[in-house]
Amino acid sequence: MKFMFLFIWLVSLMSACSKIPLMGDRENTELASITVSELKEVDYDHFSLRVFSGDDIVVEKDKVARSDGEISLSLHPSEYRFELDILQGDSIFASTKYCAEADYYTLESGPNRIAVNVCKKDGTPVFSPVCDDSGVGRRVLKLLSNKEVERTIADLTQQASAVSNLFPAAKKVEGFKNISDINVVTFEHVKGFWDLASSTSTTIVDRIISNYDCSGGMDQACLENMFYLLGEQIWRKRLVNEELSSLKELYQNIRPATDHKQAVTQVLRGMFMSPQFIYRSEIGVKRNGVSHLDQFEIANALSYLFTGSAPDKALMDLAKAGSLASEDVLAEQALRLLKTNAAKDIQKEFLGAWLEHDKVLSITKDSDMFPNFETLREPLYQETNTFYNSLFFADGTFEDLFLADYTYGNQTLAQLYNGTANGNQIKVPSDERLGILGHGSVIASHSSAYETGPIHRGVFLLEKILCDHMPPPPPSLDVVPPERDPNATTRERFAAHSENQACAACHVKLDGAGFGFESLDPIGRFRSTENSLPVDDSGKLFIDGKQIDYSGVSRVSELVADSTQGKLCYVTQVYRYANGLIDEDRDKCAIENLQEKFIDRSNLKQIWMDLVASPAFTKRK
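Residues -18 to -1, 1 to 603 in mature numbering (1 follows the signal peptide of the UniProt record, and there is no 0) are what the sequence shown lists, from first letter to last.
This is the structure we're talking about:
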């Protein structure tokens, strides 16, 4: 679905302030006035405006000439829908009707501000968005990820859960497994949720019967209370009357053919198969063209963002009290959740999605060349997780992430890095590596089985760290790695790409980024020679709009740490993970608002707090 941008300068509402007499003996009423201004950025001749109250047109202005400038009119406070056509000659160039959905606006007495969507016939926006502090998020229904299902069930049953293996593996987009647009329900998901519903219902039913005896189902008030409270826990919201009635009706239909326990079990199974459990709603209630998340949607968004599971009792109580509308309360709860162990797991998940360093656990390495690699997989993976979380939860900065001359691990890793161990902290030689780009998990994950793979490393640096997307090679191009040569370095073999005209356009940039890692071998060890030849780790990095010559991983780390581009990219990656989406033009303003804050502070943890404080967290379009 294409998105329609908002134009806050297109239609503005202001208080009329004056009182005007109405028909009969009715009291005077303060009206809202609407002013439609000339659209200076668009080539058009006329525009037509219609204002609807329900299905009735209450105002119609046809073919208002551009030369007429502004037009003004007054309306009683109420809900209205606006239609705006922009015409070139007699043809409609753009219109609100071409947008995917209509917007309704509630006009109130006193100052108001609204915006109207205008699209071309194909549904694309007419204008580029001008960002202010009002960037909002997307209205979505999010399928619980496999990990979210697993954590949610574990919290409900108070037992360790491995139910994520009931579902197909999540599809990855740029390393992220939680992208809602592509991870949709399949037949395999339906089967998985059926098995999940069956096993979980059986697991918890005895506890429920013990807590709510309900006289074997004869006590109707008890049954209603039981289903109401179960609904809150399983569906993570306050049940409306229709939902509660449907659960009671289901029980009553089942009960005559079986006993109380089995009837409750079947109702529980239905609850776990329901969309209310399977999805997280971030739809909201629309007011003035913007959807505002309700209290329980906010509670879910906050809890799954920081813990990957359902809201706890404290959050649910705040939602019931309507307290999550307060920015201060949201901030307090975000800080509380960040102190949980679950928050540490979430940061590990984000890190794995961003850096894809978790590939070190499964990637193949030549056993003859690297006979000890199997024993290094887990220590390398845990090193990066520990390093990142130690910075994140101690208010570390983006610069710290790339410039640290230390890491964490055992004596084996200290030897791998030519470092000095002090407890579990390892001091590394700063002329060989700095920060997270020198971690063996990162290096090994973006190398091949037997060589460094400068192209893989270049793509990683450009796309994941700098958000500089590289196009795939043309289908007609036969992409074959150069043959191994014991008399040449990897760089010498791969440099041929830049000399080939068909490859040069991309590989000048890719190779320039990847060759700087040549001093680290396929498992992250420092080396100064390869095949008895000196290693050349010089390169050219395109960063912040400039081409910079450099040598070595430490210099790459310094360039990234000092760059605006790296910081902007980090925020984009956080936004992608936190919202489960790959950003599009419609997300531009929400991301830019966060980027501006991060440039000022570059605090790794604070950007997650800024996410919660941003309009995009509670307001959707």
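Ideal Cβ placement from N, Cα and C applies to all residues, glycine included.
Residue(s) in a DSSP beta bridge with A239 = On the sequence shown, position 257 is the one that residue 239 refers to. Beta-bridge partners assigned by DSSP to A239: none are found.
ask   = With a Cβ-Cβ cutoff of 7 Å, do E414 and F508 count as a contact?
value = Mapped onto the sequence shown, residue 414 falls at position 432. Mapped onto the sequence shown, residue 508 falls at position 526. Result yes, Cβ atoms of E414 and F508 sit closer than 7 Å.
task = Helix, strand or coil for I164, going by three-state DSSP, please let me know.
result = Your numbering for residue 164 matches position 182 in the sequence shown. Three-state result, I164: coil.
task = Determine the burial state of A316: buried for a count of at least 16 other Cβ atoms within 10 Å of its Cβ, exposed for fewer.
result = Residue numbering aside, residue 316 sits at position 334 when the sequence shown is read from its first letter. Burial call: buried.
ask   = Which residue or residues does DSSP assign as beta-bridge partners of C571?
value = Stepping through the sequence shown from its first residue, residue 571 is reached at position 589. Paired residue(s): none; C571 is not in a bridge.
message = Give the list of continuous beta strand (DSSP E) stretches no shorter than 3 residues that lie fully inside the region 501 to 561.
response = 520 to 525 and 528 to 533
query = W590 CB to nearest chain E CB: under 7 Å?
reply = No chain E is present in this structure, which holds just one protein chain.
ask   = In terms of alpha-carbon separation, which member of A403, K491, D276 and P453 lies closest to I525?
value = Along the sequence shown, read from residue 1 onward, the residue named residue 525 stands at position 543. Checking every option, the nearest Cα to that of I525 belongs to K491.
task = Specify the secondary structure class of Y194 as computed by DSSP and reduced to three states.
result = If you number the sequence shown from 1, residue 194 lands on position 212. In the three-state DSSP reduction, Y194 falls in the coil class, being neither helix nor strand.
task = Using 10 angstroms around the beta-carbon of I135, count the other beta-carbons present and answer buried if the total reaches 16, otherwise exposed.
result = For this step, residue 135 is matched to residue 153 along the sequence shown. Buried, by the Cβ-count rule.
query = Mapping DSSP to helix, strand and coil, what is residue 654?
reply = Outside the displayed span of the chain (-18 to 603) sits residue 654, for which this structure offers no information.
ask   = Under the rule that 16 or more other beta-carbon atoms within 10 Å means buried, what is P257, buried or exposed?
value = One-based indexing of the sequence shown puts residue 257 at position 275. Its Cβ having fewer than 16 others within 10 Å, P257 is exposed.
message = At a threshold of 6 Å, does K321 count as lining the ligand NAP (C-beta to nearest heavy atom)?
response = Looking at this structure, you won't find the ligand NAP or any other ligand, since it has none at all.
ask   = Distance, Cα to Cα, L4 vs H58?
value = The residue given as residue 4 occupies position 22 in the sequence shown. The residue given as residue 58 occupies position 76 in the sequence shown. Here the model assigns L4 a pLDDT of 25, short of 50, so the residue's position is not dependable, and the following value carries that caveat. Their backbone Cα atoms lie some 11 Å apart in a straight line.
ask   = Among residues of its own chain, excluding the 5 on either side of I2, which ones have a beta-carbon nearer than 6 Å to its beta-carbon?
value = Translated into positions along the sequence shown, residue 2 becomes position 20. Reliability of the predicted coordinates at I2 is poor, the pLDDT of 24 falling under 50, and the value obtained from them is presented with this limitation in mind. Around I2: no qualifying Cβ.
ask   = With a Cβ-Cβ cutoff of 7 Å, do K326 and N371 count as a contact?
value = On the sequence shown, position 344 is the one that residue 326 refers to. On the sequence shown, position 389 is the one that residue 371 refers to. Yes, they are a contact pair.
Range of the contiguous alpha helix (DSSP H) that encloses E214 = Locating residue 214 in the sequence shown gives position 232, counting from the first residue. Note, E214: alpha helix (DSSP H), Q202 to W217.
task = Let me know if L123 comes out buried or exposed under the rule of 16 or more other beta-carbons within 10 Å of its beta-carbon.
result = The count along the sequence shown starts at 1 and reaches residue 123 at position 141. Classification of L123: exposed, given that the 10 Å Cβ count is below 16.
query = What's the C-alpha gap between A303 and K295?
reply = What you label residue 303 is simply residue 321 of the sequence shown in a count that begins at 1. What you label residue 295 is simply residue 313 of the sequence shown in a count that begins at 1. Going by the C-alpha atoms only, they are around 12 Å apart.
ask   = Where does the unbroken beta strand (DSSP E) through Y388 begin, and where does it stop?
value = Here residue 388 corresponds to residue number 406 of the sequence shown, with the count starting at 1. Its beta strand (DSSP E) spans residues Y388 to Y390.
request  = Quick one: residues in its chain with C-beta nearer than 7 Å to the C-beta of G440, no 5 flanking neighbours on either side, listed in chain order?
outcome  = In the sequence shown, residue 440 corresponds to position 458, counting from 1. If we look at G440 and ignore the five residues flanking it on each side, its Cβ neighbours are L492, D493, A495 and G496.
request  = Tell me, please, which residues DSSP counts as bridged to D276.
outcome  = Residue 276 sits at position 294 when you count from the first residue of the sequence shown. In DSSP, D276 forms no bridge with anything.
request  = Name the two residues that bound the continuous alpha helix (DSSP H) containing V118.
outcome  = Within the sequence shown, the letter at position 136 stands for residue 118. Where V118 is concerned, there is no enclosing alpha helix (DSSP H), given that its DSSP letter is neither H nor E.
key: 7 Å Cβ shell around F259 - same chain, five flanking residues per side excluded   = Within the sequence shown, residue 259 is the residue found at index 277, counting from 1. I216, W217 and M253, listed in sequence order.
ask   = beta strand (DSSP E) containing L66: first to last residue?
value = As a working mapping, residue 66 is identified with position 84 in the sequence shown. Unbroken beta strand (DSSP E) run through L66: E61 to Q70.
Uninterrupted alpha helix (DSSP H) stretches inside the region 438 to 482 (no shorter than 4 residues) = Runs of the alpha helix (DSSP H) inside the region 438 to 482: 472 to 476 and 478 to 481.
ask   = What number of angstroms, rounded off, separates the C-alpha of L312 from the C-alpha of L333?
value = The residue labelled residue 312 in the question sits at position 330 within the sequence shown. The residue labelled residue 333 in the question sits at position 351 within the sequence shown. In a straight line, the C-alpha of L312 is about 24 Å away from that of L333.
query = On the three-pair Cβ rule with 8 Å, is the region 350 to 360 touching the region 437 to 452?
reply = no
key: Range covered by the beta strand (DSSP E) that runs through V33   = In the sequence shown, residue 33 corresponds to position 51, counting from 1. Where V33 is concerned, the enclosing beta strand (DSSP E) stretches over H28 to S35.
query = Are residue 628 and V246 touching if we call contact CB-CB under 7 Å?
reply = Examination of residue 628 is not possible in this model, given that the chain is present from -18 through 603 alone.
query = What is the residue span of the beta strand (DSSP E) that D38 lies within?
reply = Numbered from 1 along the sequence shown, position 56 holds the residue referred to as residue 38. Per DSSP, D38 belongs to the beta strand (DSSP E) from D38 to A47.
request  = Quick one: residues in its chain with C-beta nearer than 7 Å to the C-beta of C551, no 5 flanking neighbours on either side, listed in chain order?
outcome  = On the sequence shown, position 569 is the one that residue 551 refers to. Correct list, in chain order: I447, L448 and C449.
request  = Out of G548, R537, G506 and R475, state which residue places its alpha-carbon closest to the alpha-carbon of L515.
outcome  = Stepping through the sequence shown from its first residue, residue 515 is reached at position 533. Measuring C-alpha to C-alpha distances from L515 to each of G548, R537, G506 and R475 identifies R475 as the nearest.
query = Beta-carbon separation of A598 and G117 under 7 Å?
reply = Position 616 of the sequence shown holds residue 598. Position 135 of the sequence shown holds residue 117. Yes, they are a contact pair.
query = Any idea what DSSP makes of R262, helix, strand or coil?
reply = For the purposes of this step, residue 262 is taken as residue 280 along the sequence shown, with counting starting at 1. Reduced to three states, the DSSP call for R262 is strand.
request  = Output the distance between the C-alpha atoms of V538 and T554, rounded to the nearest integer angstrom.
outcome  = What you label residue 538 is simply residue 556 of the sequence shown in a count that begins at 1. What you label residue 554 is simply residue 572 of the sequence shown in a count that begins at 1. Straight-line Cα distance between these residues: approximately 20 Å.
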